[in-house]
Amino acid sequence: SSRTARSEEDRDSLWDAWGSWSECSRTCGGGASYSLRRCLSSKTCEGRNIRYRTCSNVDCPPEAGDFRAQQCSAHNDVKYQGQLYEWLPISNDPDNPCSLKCQARGTALVVELAPKVLDGTRCYTESLDMCISGLCQIVGCDHQLGSAVKEDNCGVCNGDGSTCRLVRGQYKSQLSASKLDDTVVAIPYGSRQVRLVLKGPDHLYLEAKTLQGVKSENSLSTTGSFLVENSSIDFQKFPDKEILRISGPLTADFTIKIRYVGAADSSVQFIFYQPIIHRWRETDFFPCSASCGGGYQLTSAECFDLRSNRVVADQYCHYYPENIKPKPKLQECNLDPCPASDGYKQIMPYDLYHPLPRWESTPWTACSSSCGGGIQSRSVSCVEEDIQGHISPVEEWKCMYTPKMPVVQPCNIFDCPKWLAQEWSPCTVTCGQGLRYRVVLCIDHRGMHTGGCSPKTKPHIKEECIVPTPCYKPKEKLPMEAKLPWYKQAQELEEGTAVSEEPSFIPEAWSTCSATCGVGSQVRLVKCQVLLSFSQSVADLPIDECEGPKPVSQRACYSGPCSGEATEHTPEETQLLYGSLQEFDELYDWEYEGFTECSESCGGGVQEAVVTCLNKQTRETAEETLCVSGRRPPQLLKACSLDPCPPR
1 SSRTARSEED RDSLWDAWGS WSECSRTCGG GASYSLRRCL SSKTCEGRNI RYRTCSNVDC
61 PPEAGDFRAQ QCSAHNDVKY QGQLYEWLPI SNDPDNPCSL KCQARGTALV VELAPKVLDG
121 TRCYTESLDM CISGLCQIVG CDHQLGSAVK EDNCGVCNGD GSTCRLVRGQ YKSQLSASKL
181 DDTVVAIPYG SRQVRLVLKG PDHLYLEAKT LQGVKSENSL STTGSFLVEN SSIDFQKFPD
241 KEILRISGPL TADFTIKIRY VGAADSSVQF IFYQPIIHRW RETDFFPCSA SCGGGYQLTS
301 AECFDLRSNR VVADQYCHYY PENIKPKPKL QECNLDPCPA SDGYKQIMPY DLYHPLPRWE
361 STPWTACSSS CGGGIQSRSV SCVEEDIQGH ISPVEEWKCM YTPKMPVVQP CNIFDCPKWL
421 AQEWSPCTVT CGQGLRYRVV LCIDHRGMHT GGCSPKTKPH IKEECIVPTP CYKPKEKLPM
481 EAKLPWYKQA QELEEGTAVS EEPSFIPEAW STCSATCGVG SQVRLVKCQV LLSFSQSVAD
541 LPIDECEGPK PVSQRACYSG PCSGEATEHT PEETQLLYGS LQEFDELYDW EYEGFTECSE
601 SCGGGVQEAV VTCLNKQTRE TAEETLCVSG RRPPQLLKAC SLDPCPPR
């Protein structure tokens, strides 16, 4: 760790100090500012010479307009292909959200007017992520670059969802001759993620009422997006249904209504998050119950309206099941002794005065079990403390004004440690019988390596294994017609090499034969590649990074006899590379006869195909001089023993 710390110091010491922050790219709505530093070394410095931060994270006034739209409209007085256009922004481009794409009003013409939008432009309309230097950077709801903090359903940054409640329901129309409309649902101020779906012939419309009492109405007559009391409404109208969406928060109380226009029934499904606007608030301590000599004082709880910022009746808070009224707190006060001349202490009138006795408990006993769930107990008694501080036990009923503390509770309810066996290693041999190993750990309920597991239940860490590959290869005794020519053997013997975490040669597939008949050639691309274990992706390396022989990238191929060639040979003979050889030449030919032993027993090695001269009638090995040297097949190598070596 000290070496790492020194290397980081050395790396940072090559840089000059960071410069001052630049002016913000925007004056409102969230922009970006940058700071630069200079490399003091003649060599290349590690790290970046520029850093960014967000700035001007205040809402823009409504008349400011969209930042991307401003950049598009800046090109209105610049001719494009000899003509002036009024440019409108194209938002939420999935391929390149940080380019300035604009559409000419009234046409289908879409043009990229700039490769990068200005720093601070939002990548997407419904996101805080911003474009900086042409790249989309993540911005959390705390307006920090790279932050993953998000708003909860209630709109609270990094909240737990406790300040609102999900409201879901369904309305069904009830037709009557005297009733032309009806209320579907009332959605209060501050609600979010509102969605209503009407199915049927009837029609939705809405009424709004601000906190100042201003009323307005919208008939929702056409599909589109529009503002109602500064709340953005998205409405879609179809022949048999209507969809209303409001992302919120609502800036007024909305009432969604239905107007009956058809004889058939309609239904409306709605869902939204409603803020809990009435919450309990703890009061300050009431006056002390005594003026001297020791007394007590209590707190209480009152129901508070967050919209009007005033205290309201308790039943408003009782309406929400999530609201739990806090219990009163009790504390001692005016502990100074009373003056001797008085001879008594003044008891202040106080209706909520609680007597002196209180519950007192002993410490919990040790848990009955170290894991897997146990119990512990304690004794609880009612005691009273006099002015001199002496504590004495009293009857329990005197403490019943508060609930008695529990005398038993569960403890150590987490799971006991248990053995966790990892995956088996590869077999220690590449053929026949060997051993394989695995790591067995004792893991606690947090997933940490610990002790405490029973040795009797520990899984075994090694076992025998059998590799189905035999440790020798008997010499094949096949009839002549079953043996493939050497060039087809080569195609079957070669196996695709998988990319590993060590640099290795990876050949691609062979191209098609260059000749449609007779002898031709095939080529393929051989790359040096490595598997990046962290990202599970493959990277190309320079050829000299790979060790071992490079697989061949060119070979001969045969596509059958061409028309007009002699056909008096047997079918087996026509599969050879040269179809018009003398009888002596056709009696002897080269063939692959298996592979040499692998150069390594594990961790990756190389095998070379053995080439022999055979008498094709007797299938016996002959002198190499009897075979035509020009037809000897090329050297053929393949990787072997690719499994990693077992741990020492």
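In full-length UniProt numbering, the protein residues as written are 1 to 648. By construction, the Cβ of each residue, glycine as well, lies at the ideal position given by its N, Cα and C atoms. Since the structure is predicted, the reported quantities are computational estimates derived from the model, not experimental observations.
Start and end of the beta strand (DSSP E) containing residue i?
i, result
"Tyr171", "Cys164 to Lys172"
"Trp359", "Arg358 to Ser361"
"Trp87", "Trp87 to Pro89"
"Gly295", "Gly295 to Leu298"
"Phe505", "Ser504 to Pro507"
"Cys157", "That residue, Cys157, is in no beta strand (DSSP E); it is neither H nor E in DSSP."
"Gln376", "Gly374 to Ser377"
"Trp280", "His278 to Glu282"
"Asn218", "Lys215 to Asn218"
"Met130", "Met130 to Ile132"
"Cys39", "Careful: Cys39 lies outside any beta strand (DSSP E) and carries neither H nor E."
When the cut-off is 8 angstroms and only beta carbons count, does residue i lie next to chain C?
i, result
"Ala74", "Of the chains in the structure shown, none is chain C; there is only one protein chain."
Can you tell me whether residue i is buried or exposed? The criterion is at least 16 other CB atoms within 10 Å of its CB, across all chains shown.
i, result
"Leu84", "exposed"
"Gly190", "buried"
"residue 649", "Only positions 1 to 648 of the chain appear in this structure, which leaves residue 649 out of reach."
"Ala208", "buried"
"Thr430", "buried"
"Val268", "buried"
"Gln603", "The sequence given here places Gly at residue 603; Gln does not occur at that position. Per the 10 Å Cβ criterion, exposed."
"Gln81", "exposed"
"Cys98", "buried"
"Leu100", "buried"
"Gly452", "exposed"
"Ser13", "exposed"
"Phe67", "buried"
"Pro634", "exposed"
"Phe270", "buried"
"Ser514", "exposed"
"Pro62", "exposed"
"Pro647", "exposed"
"His460", "exposed"
By Cβ distance, which residues of its chain are closer than 6 angstroms to residue i, with the 5 residues on each side in sequence left out?
i, result
"Cys24", "Gly31, Ser33, Cys55 and Ser56"
"Cys465", "Cys427, Gly434 and Arg436"
"Pro507", "Arg524, Val526 and Pro551"
"Thr469", "Cys431"
"Trp21", "Ser33 and Ser35"
"Ala482", "Note on Ala482: pLDDT 38, under 50, position unreliable in the model; no value is reported."
Tell me the residue span of the alpha helix (DSSP H) that contains residue i.
i, result
"Tyr205", "Premise fails: Tyr205 lies in the beta strand (DSSP E), His203 to Lys209, not in any alpha helix (DSSP H)."
"Phe67", "Phe67 to Ser73"
"Gln315", "Gln315 to His318"
Looking only at its chain, what residues have a beta carbon closer than 8 angstroms to the beta carbon of residue i, apart from the 5 residues adjacent to it on each side?
i, result
"Leu420", "Val440, Leu441, Cys442 and Ile443"
"Gly630", "none"
"Glu36", "Correcting the residue identity first, residue 36 is Leu in this sequence and not Glu. Once the five neighbours on either side are set aside, the close Cβ partners of Leu36 are Trp18, Gly19, Asn49 and Ile50."
"Asn334", "Cys288, Ala290, Ser291, Cys292, Gly293, Gly294 and Gly295"
"Pro641", "Strictly speaking, residue 641 in this sequence is Ser, with Pro absent from that position. The residues are Thr430, Cys598, Glu600, Ser601, Cys602, Gly603, Gly604 and Gly605."
"Asp16", "Arg37, Arg38, Cys39 and Leu40"
Less than 7 angstroms between C-beta atoms, sequence neighbours within five positions excluded: which residues of the same chain meet that for residue i?
i, result
"Thr596", "Gln607, Glu608 and Val610"
"Ser73", "Trp87"
"Thr125", "Ser91 and Asn92"
"Cys645", "Cys602 and Gly603"
"Thr255", "Thr183, Ala186, Leu206 and Glu207"
"Thr222", "Lys237"
"Asp643", "Pro426 and Cys602"
"Leu532", "Ala539"
"Val156", "Thr163"
Do residue j and residue i count as a contact pair if the criterion is CB distance below 8 angstroms?
i, j, result
"Trp590", "Cys613", "yes"
"Val394", "Pro455", "no"
"Cys382", "Cys371", "no"
"Gly518", "Cys562", "yes"
"Glu412", "Ser369", "As written in the sequence, residue 412 is Asn, which differs from the Glu given in the question. Contact flag set, yes."
Closer than 7 angstroms: is that where the CB of residue i sits relative to any heavy atom of the ligand FMN?
i, result
"Arg279", "With respect to the ligand FMN, the structure offers nothing, as it holds no ligand at all."
With contact counted as at least three CB pairs below 8 angstroms, one residue from each stretch, are the segment 196–216 and the segment 290–299 in contact? These segments do not touch.
Okay, do the segment 613–625 and the segment 529–549 touch, 3+ Cβ pairs below 8 angstroms being the bar? Fewer than three pairs of CB atoms, one per stretch, sit closer than 8 angstroms, so the segment 613–625 makes no contact with the segment 529–549.
Would you be able to state if there are at least three C-beta pairs under 8 angstroms between the segment 236–243 and the segment 122–135? Flag = no, the segment 122–135 and the segment 236–243 do not touch.
The segment 303–323 contacting the segment 257–269, beta-carbon criterion three pairs below 8 angstroms: Flag = no, the segment 303–323 and the segment 257–269 do not touch.
Count the CB pairs spanning the segment 121–132 and the segment 105–112 that are closer than 8 angstroms, and state whether there are at least three. Because the criterion of three Cβ pairs below 8 angstroms is not met, the segment 121–132 and the segment 105–112 do not touch.
Between the segment 265–284 and the segment 156–169, are three or more C-beta pairs nearer than 8 angstroms? Taking 8 angstroms as the limit for Cβ pairs, the verdict is that the segment 156–169 does touch the segment 265–284.
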